[in-house]
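First comes the structure, then the notes that go with it.
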Amino acid sequence: MILGHYRADQKYRHVHKLASNRAEGLLEYWHECCLTDGIPDRNAFTPHALQKWLGFISVYKYVEELDDFVNALEGTLITQITGQDWTGKLASDVDSEFGSTFHNELCAVRRTRTPLLDHVKIYQKEYKSATRLLMPVGDKGSQEVDQVFLGLFPDWS
Numbered sequence: 113m114i115l116g117h118y119r120a121d122q123k124y125r126h127v128h129k130l131a132s133n134r135a136e137g138l139l140e141y142w143h144e145c146c147l148t149d150g151i152p153d154r155n156a157f158t159p160h161a162l163q164k165w166l167g168f169i170s171v172y173k174y175v176e177e178l179d180d181f182v183n184a185l186e187g188t189l190i191t192q193i194t195g196q197d198w199t200g201k202l203a204s205d206v207d208s209e210f211g212s213t214f215h216n217e218l219c220a221v222r223r224t225r226t227p228l229l230d231h232v233k234i235y236q237k238e239y240k241s242a243t244r245l246l247m248p249v250g251d252k253g254s255q256e257v258d259q260v261f262l263g264l265f266p267d268w269s
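Numbering (the numbering used here), first residue to last: 113 to 269.
Structural data, given as structure tokens:
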């Protein structure tokens with residue numbers, strides 16, 4: 113098993129194999145790009161390198177002055193999954209809209225510098241869920257987490 117914080121249990125990953133395999137493949141790529149005891153440089157996360165997962169990825173940039181994360185890029189398939197485009201919005205806006213803990217989860221990933229793989233409800237689509245992966249990355253060799261990449265893989269085809 114690839115190292116990371118897993119909140120999606122084994123039974124869930126077996127039942128939702130396609131979503132889990134996509135997420136775990138992206139997590140494996142994240143680990144391949146890690147520096148010794150560090151986090152990947154975001155330059156390793158080019159569109160070409162992420163080709164298999166494009167559309168399922170959003171990028172949240174940490175804004176120190178706000179102690180929040182702004183959605184710098186919303187994946188086109190994530191927009192289709194949720195029916196909303198959160199580009200330019202803050203993680204705290206997501207929490208305000210849905211009563212979630214998304215901002216705290218991004219902060220934890222940033223603080224611990226550890227990916228988080230879990231199963232989440234799609235707030236905008238009743239009875240729909242997805243496998244979600246949050247991955248910390250740094251800027252040009254810095255070990256400071258300045259972005260968190262989000263992968264969202266639906267449990268339905």
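By construction, the Cβ of each residue, glycine as well, lies at the ideal position given by its N, Cα and C atoms.
Asked                                                                                        : Found
Beta carbon of L246 nearer than 8 Å to that of L218                                          : yes
Residue span of the beta strand (DSSP E) that contains A161, given as start and end          : Premise fails: A161 is in no beta strand (DSSP E) and is neither H nor E.
Distance, S212 Cα to A242 Cα                                                                 : 15 Å
CB of I151 within 8 Å of CB of V257, strictly                                                : yes
Close beta carbons around A156, own chain, < 7 Å, minus the five adjacent residues each side : C145
First through last residue of the alpha helix (DSSP H) which encompasses L189                : 188-194
T224, enclosing alpha helix (DSSP H) - first and last residue                                : 214-224
For S204, the first and last residue of its enclosing alpha helix (DSSP H)                   : 203-210
Selection from K164, F265, F261 that minimises the alpha carbon distance to N183             : F261
Length of the line joining the Cα atoms of T188 and L178                                     : 26 Å
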